[in-house]
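Asks: So for the sequence shown, the numbering used here puts the first residue at 91; every next one is plus one. Glycine is no exception: its CB is placed at the ideal position from the N, C-alpha and C atoms. Predicted model only: the values in this text are computed from it and were never measured.
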Amino acid sequence: MVSMALKVSTLTDDPTQRTSMVGAVLGVGAIAAVIGDALFGRLSDRTTSRFGRRRPWLIGGSLVMGLALIGISQATSTPMLAIGWFVAQLGANAAFSPDIATLADQLPEQQYAKVSATVGVMQSVGVLVATWFASLFASNMLLLFTVPAVVGVVGLCLYAVILPDPVLTHRPPRLSLKELLGSFWVNPLRHRDFGFAWWSRFLLMLSSFMFTSFRLPFVTDRLHITAADGAGVVFLGVLTYTVALVPASYLVGWFSDRTGRRKLPVAVATALFALFALGTYLLLHVDSIGQFYMVEALLGISYGIYMSVDMALVLQVLSNPEDNAKDLGVFNMANAMPQSLAPFLGAALLATSVTASEPNYALLLGAAATAALVGAIAVLPIRKVK
């Protein structure tokens, strides 16, 4: 998100046009994530390669992602950026959905929250390192996109090599068109708990991406600094976020595994995310870098509590053990669809500003807080998990 905002800044200086371009590019790319999550999850469930079910997708998807990111670094127009990001997201999610499925394939239930916490922490560490790259290479578009691409490809390929990935010994029947379309669907009436968990994740991700998609423009507009300086501020903000997230995540993950409780931490974290971090008052009254870091710390604590338990909750409400990757792919659509919707919705809300000097951040943050609060309530009706 930071890199794309920096790239767009090389194409236009107009603040409103910049946020619209960022929203359009990120939104188009996230459509690929919606398609890729469920589709490639279903295909990996049925892969009969002698290298295993998940390994070919981890390696192939990461290579496509890496090449597309290098292409983005050389793009000279919004359509080129959108096409590049679409392909990058398609490759990334061809690897991501099988990657998450390896948790359901191989973990015992009593380790769900602990590993969920570790995954959540490392996702945040990954964002932190990526943001550091963005601040380090803010003026060099080739390095800005290539260095993270290399890190991602190498990391995924190493995981694919060491993964004990069982080979599927029987050939599944050929997919019909109906079954292929079914890759994008889990009946929420038949699998009620899965449906509520899906909506809770969707609304929290929508809330989060409505802010983070425009985090760099927000910092530069609110604090009146350049995009390059803003990238450094965002990096330190994400560092503060991560430092706050790690202890909260591990502590609540330990508590959840010991007590077996999943719903309460998820609901509390989602509500805190809305009330303390994305509430319009705190962010709209930020007028210094220190205040911005304070809000990032609150975001980190809230999201750390959420990520430590949410994946554990989801693993316990999957509908079919034989289709782990497919069902997790459908669930991951609750991650990907907000990435598609939030940039378009956020750009539209920001464009309603009555002044030309600054986009309408008040409306954006108010909508984000409302989505998170509804997401907290959606967890409560789940019955299968305490």
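Does the beta-carbon of ARG348 have 16 or more other beta-carbons within 10 angstroms, so that it is buried, or is it exposed?
Replies: ARG348 is exposed by the Cβ-count criterion.
Asks: Among the candidates PHE130, VAL217, VAL219, whose CA atom is the shortest distance from the CA of ALA191?
Replies: Nearest option by C-alpha distance: PHE130.
Asks: Considering only their Cβ atoms, is the gap separating VAL205 from LEU197 smaller than 8 Å?
Replies: Going by C-beta atoms, LEU197 is nearer than 8 Å to VAL205.
Asks: So what's ARG144 in DSSP terms, helix, strand or just coil?
Replies: Coil at ARG144, not helix or strand.
Asks: Between the region 335-344 and the region 386-403, can you find at least three pairs of beta-carbon atoms closer than 8 Å?
Replies: Enough Cβ pairs lie closer than 8 Å, so yes.
Asks: GLY245 to SER392, Cα distance in whole Å?
Replies: Rounded to the nearest angstrom, the two C-alpha atoms are 28 Å apart.
Asks: If you run the structure through DSSP and keep just helix, strand and coil, what is PHE227?
Replies: In the structure shown, PHE227 sits in coil (DSSP, three-state: anything other than H, G, I, E or B).
Asks: So which of GLY126, ALA128, THR332, VAL98 has the shortest CA-CA distance to ALA114?
Replies: If we check each option's Cα against that of ALA114, VAL98 comes out closest.
Asks: Look at the Cβ atom of ALA459, then the Cβ atom of ALA387, and state whether they are nearer than 8 Å.
Replies: Not a contact, by the Cβ cut-off of 8 Å.
Asks: With distance defined between alpha-carbon atoms, name the residue in ASP283, ALA441, MET300 nearest to VAL469.
Replies: Checked all of ASP283, ALA441, MET300; the closest Cα to VAL469 is ASP283.
Asks: Can you tell me the Cβ-Cβ gap for TYR202 and LEU405, rounded? I've got them flagged as a contact below 8 Å.
Replies: With a Cβ gap of about 5 Å, TYR202 and LEU405 count as contacting.
Asks: Spatial neighbours of THR236 within its chain, please: C-beta separation below 6 Å, excluding the five flanking residues on both sides.
Replies: Result list for THR236: ILE160, in chain order.
Asks: Is TRP222 close to chain B, meaning its C-beta is less than 8 Å from at least one C-beta of that chain?
Replies: Of the protein chains in the structure, only one exists, and it is not chain B.
Asks: State the DSSP-derived secondary structure class of PHE304, mapped to helix, strand or coil.
Replies: If DSSP states are grouped into helix, strand and coil, PHE304 belongs with coil.
Asks: Among the residues of its own chain, which have a CB less than 6 Å from the CB of PRO146, if the five just before and after it don't count?
Replies: The answer, listed in chain order, is SER139.
Asks: Assign GLY394 to buried or exposed, taking buried as 16 or more other Cβ atoms, counted over all protein chains shown, within 10 Å of its Cβ.
Replies: GLY394 should be labelled buried.
Asks: Between which two residues does the alpha helix (DSSP H) holding GLY350 run?
Replies: Here GLY350 belongs to no alpha helix (DSSP H), and DSSP marks it neither H nor E.
Asks: By Cβ distance, which residues of its chain are closer than 7 Å to VAL92, with the 5 residues on each side in sequence left out?
Replies: Correct list, in chain order: THR221, ALA224, LEU306, ALA321, VAL324.
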